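Last residue of the sequence shown: 71 (the numbering used here), numbering continuous. Here's the structure, in structure tokens; my notes come after.
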Amino acid sequence: SQAEKLFIKLTGLEVKLRQYIMGQAFVDQVVKKEGITFMNEVWVGPANLPTLQEIGHPELWIKRMKERVEG
Numbered sequence: 001s002q003a004e005k006l007f008i009k010l011t012g013l014e015v016k017l018r019q020y021i022m023g024q025a026f027v028d029q030v031v032k033k034e035g036i037t038f039m040n041e042v043w044v045g046p047a048n049l050p051t052l053q054e055i056g057h058p059e060l061w062i063k064r065m066k067e068r069v070e071g
């Protein structure tokens, strides 16, 4: 309904939902390409968190993480 759409927009739920969808797509792509163990590198520390650009382009995060690990 229109009221429901307005509520979602006014409360910021629309933005949060978009963020969750982007995050899920990022994780899915990284896991598909590199596996769950590689994806878990994200939890090592703040420096391993993806940037907004990397969330939209997981291959950039994968490249950066491989460069960190491989030296």
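Glycine is no exception: its CB is placed at the ideal position from the N, C-alpha and C atoms. If you're wondering where the values come from, they're calculated on a predicted model, not measured in any experiment.
Identify the continuous alpha helix (DSSP H) that holds P50 and give its terminal residues. Within the sequence shown, the letter at position 50 stands for residue 50. Run containing P50: none; DSSP gives neither H nor E here.
Measuring alpha carbon to alpha carbon, tell me which of Q29, S1 and F7 ends up nearest I62. Within the sequence shown, residue 62 is the residue found at index 62, counting from 1. Closest by alpha carbon: Q29.
So which of Y20, P58, I55 and N48 has the shortest CA-CA distance to R68? In the sequence shown, residue 68 corresponds to position 68, counting from 1. That would be N48, whose Cα lies nearest to the Cα of R68.
If you follow the alpha helix (DSSP H) that W61 is part of, which residue opens it and which one closes it? Start at 1 with the first residue of the sequence shown, and residue 61 comes out as number 61. Where W61 is concerned, the enclosing alpha helix (DSSP H) stretches over P58 to E70.
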